[in-house]
Amino acid sequence: MHWKNNENKNLNLNYKAVIFDMDGTMFDTEYLASLAWKRAGEELNYSITEDILSQVRGRNITDAIRIFSEIFGTDQVYKNAKVLRDGYVADMIKQNGIPIKKGLFELLAFLRETNTKMAVATSSYCERAKKYLIDAGVYDYFEAHIYGDMVTESKPNPEIFLMAARQLNVKAGECLVLEDSKSGIRAGKNAGMYPILIPDLTPPDKEMTENASLICKDLMEVLEVLKNSIQQ
Numbered sequence: 000m001h002w003k004n005n006e007n008k009n010l011n012l013n014y015k016a017v018i019f020d021m022d023g024t025m026f027d028t029e030y031l032a033s034l035a036w037k038r039a040g041e042e043l044n045y046s047i048t049e050d051i052l053s054q055v056r057g058r059n060i061t062d063a064i065r066i067f068s069e070i071f072g073t074d075q076v077y078k079n080a081k082v083l084r085d086g087y088v089a090d091m092i093k094q095n096g097i098p099i100k101k102g103l104f105e106l107l108a109f110l111r112e113t114n115t116k117m118a119v120a121t122s123s124y125c126e127r128a129k130k131y132l133i134d135a136g137v138y139d140y141f142e143a144h145i146y147g148d149m150v151t152e153s154k155p156n157p158e159i160f161l162m163a164a165r166q167l168n169v170k171a172g173e174c175l176v177l178e179d180s181k182s183g184i185r186a187g188k189n190a191g192m193y194p195i196l197i198p199d200l201t202p203p204d205k206e207m208t209e210n211a212s213l214i215c216k217d218l219m220e221v222l223e224v225l226k227n228s229i230q231q
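Under numbering that gives the first Met the number 0, the first residue of the sequence shown is numbered 0, with each subsequent residue one higher.
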């Protein structure tokens with residue numbers, strides 16, 4: 000499906016910085032994680048459904064444990080399944096590499112050429128996220144790297160995006176945020192930034208559409224929008 004831009008949305012094209020989410024936005028790792036969670040659930044006889052996974056996307060480990068505990072009545076379901084999930088994902092990445100989202104390198108190159116500051120702000124913890132960024136060859140594009148274990152509150156709290164803005168030395172209103180999840184889009188809006196939604200596994204609902212300043216089908220379309228803004 001082709002996601003059309005929201006022509007009536009307010010997008011700040013005088014931006015000074017772009018803040019990237021990682022899983023599901025830069026890398027197609029949410030898809031791998033979804034496969035791995037479901038496989039782990041089957042092996043352990045837990046019903047880990049797409050509805051459950053949609054609730055934890057974009058959240059940190061603490062929030063994910065809480066959500067699983069509320070559903071299953073114990074935190075052991077998350078902890079046991081996560082061990083298997085991590086192993087399955089690692090095996091898939093070892094075999095095929097980090098799956099890169101279409102348009103990522105082109106967008107990063109454009110932002111570097113236009114002297115736009117860039118940060119990555121991911122709910123994933125440092126050890127895994129940093130390895131992914133380095134292995135994918137994109138780590139050095141970013142002036143700031145904010146990981147889930149560097150903040151006390153998870154998305155949709157805006158803490159992680161506000162920390163990125165501080166490290167980039169820009170105001171919140173000067174930042175675009177690229178996100179795929181409901182919690183991430185809400186966090187971007189709560190931060191006073193301009194969230195761009197690039198849908199991944201979670202189809203946009205009314206809340207996501209209302210909170211997004213713009214909806215693009217992929218990073219290539221984001222690139223087209225930003226290029227066109229310079230030419231206008």
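Ideal Cβ placement from N, Cα and C applies to all residues, glycine included.
With DSSP as the reference, label residue i as helix, strand or coil.
i      : result
Val17  : strand
Asp199 : coil
Ile92  : helix
Tyr193 : strand
Ala211 : coil
Lys130 : helix
Asp85  : helix
Val119 : strand
Leu177 : strand
Ile47  : coil
Asp74  : coil
Asp62  : helix
Ile99  : strand
Using the Cβ count rule (16 or more neighbours within 10 Å means buried), how would you classify residue i?
i      : result
Pro198 : buried
Gly72  : exposed
Asp232 : Outside the modelled stretch of the chain, which goes from 0 to 231, sits residue 232, for which no answer is possible.
Thr121 : buried
Glu6   : Its pLDDT being 47, under 50, Glu6 is placed unreliably in this model, and the value from its coordinates should be taken loosely. So Glu6 ends up on the exposed side.
Asn95  : exposed
Pro155 : buried
Ile145 : buried
Ile214 : buried
Ile184 : buried
Asn168 : exposed
Ser212 : buried
Ile229 : exposed
For residue i, collect the residues of the same chain with a Cβ closer than 7 Å to its Cβ; drop the 5 residues on either side in sequence, then sort them by chain order.
i      : result
Trp36  : Ile47, Leu52, Ala80 and Arg84
Tyr30  : Leu200
Glu152 : Glu158
Gly187 : Phe160, Val176, Glu178 and Pro194
Ile99  : Phe26 and Ala135
Leu106 : Leu218, Val221 and Leu222
Ala63  : Val55 and Tyr77
Arg38  : Tyr87
Met0   : For Met0, the predicted model reports a pLDDT of 26, less than 50, meaning its position is unreliable and no value from the coordinates is stated.
Glu203 : For the sequence presented, residue 203 should be read as Pro rather than Glu. Excluding positions up to five away in sequence, the list reads Leu196 and Ile214.
Quick one: what's got a C-beta closer than 6 Å to residue i's C-beta in the same chain, skipping five residues either side?
i      : result
Lys181 : Met207
Phe67  : Val76 and Tyr77
Asn11  : Tyr193
Leu103 : Met25 and Leu218
Note down, in chain order, each residue of its chain lying with its Cβ closer than 8 Å to the Cβ of residue i, except the 5 sequence neighbours on either side.
i      : result
Val234 : Missing from the structure shown is residue 234; the chain here goes from 0 to 231 and no further.
Arg111 : Met117 and Tyr140
Lys226 : Phe109
Arg58  : Ile66, Ser122, Ser153, Lys154 and Ser182
Lys129 : Tyr138, His144 and Tyr146
For the 8 Å Cβ check, are there 3 or more pairs between the stretch 11 to 25 and the stretch 117 to 133? yes
Ranges of the beta strand (DSSP E) found wholly within the stretch 133 to 158, counting only runs of at least 3: 143 to 145
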